Amino acid sequence: MVEKKQTLALASDHGGYWMKDFIVYKLQEAGYKVKDFGTYSGESVDYPDFIHPMAHAVNEGDFERGIILCGSGNGAQMTANKYPNVRAGLGWNEEQVQLIRMHNDANILSLPGRFVTFEEAWKMVEIFLNTPFEGGRHKQRVKKISQIIK
Ligand code: RB5
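By the count of my numbering, the sequence shown reaches residue 1630 at its end, each step adding exactly one.
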């Protein structure tokens, strides 16, 4: 459960811009504080330019949770997951979002702005913010994610 006094970080490219705008509105309406890293219009941009600064801030511990969006959710997720303290999971449906929290302790939700409805996206955001990490056997698995072989 994310406390409402926490600030949530958001970022998207043009493919997720309108959905981000909607989610920012819904989050603020629900009482959350948000830091919007852009983009700030529907004009075509490169998603890494907006996802990197946001993922870096999450990686540094400036924000505990964040939401990123692009057309498919993939490019945004790939970019964010370059940071060792980031666990960005793709949200295609409610059950999947439950699992990225319960099993993977995801701290970033990546949404495919062109493949789900605004209503579905908001439902997934609520699940992302309110589902706890299960811990147990998943703890050591999550720990191993950043232990890359050199
Ligand atoms: C932009 O057209 C699109 O490629 C981008 O939003 C995203 O889907 C990339 O993964």
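For every residue, glycine included, the Cβ atom is placed at its ideal position computed from N, Cα and C.
These numbers come from a predicted model, not from an experiment.
Buried or exposed (CB count within 10 angstroms, at least 16 for buried), Thr1597: exposed
From the DSSP secondary-structure annotation, give me the bridge partner or partners of Ala1568. Ile1588
Ligand 1 and Pro1592: does any heavy atom of the ligand fall closer than 8 Å to the residue's C-beta? yes
State the Cα-Cα distance for the pair Val1504 and Val1605, rounded to the nearest angstrom. 11 Å
Hey, Tyr1517 and Trp1602: beta-carbon distance below 9 Å or not? Correcting the residue type first, residue 1517 is Phe in the shown sequence and not Tyr. Their beta carbons are not under 9 Å apart, which means Phe1517 does not touch Trp1602 by this criterion.
Euclidean distance between Cα positions of Gly1541 and Thr1559: 17 Å
Assigned secondary structure, Ala1510 (DSSP; H/G/I helix, E/B strand, else coil): coil
Alpha carbon to alpha carbon, how far is Gly1571 from Arg1581? 11 Å
For Lys1515, which beta-bridge partners are listed by DSSP? Ala1489
What residues match up with Ile1547 in a beta bridge as DSSP calls it? Leu1490 and Leu1589
Could you please give the first and the last residue of the uninterrupted alpha helix (DSSP H) stretch that includes Pro1528? Tyr1527 to Asn1539
Residues near Ser1521 in its chain [Cβ-Cβ closer than 7 Å; skip 5 each side]: Tyr1497
Residue from Glu1544, Phe1543, Asn1587 and Arg1594 whose Cα sits closest to the Cα of Asn1554: Arg1594
Of all the options Ile1588, Lys1562, Phe1608 and Asn1561, which has the alpha carbon lying nearest to the alpha carbon of Asn1573? Phe1608
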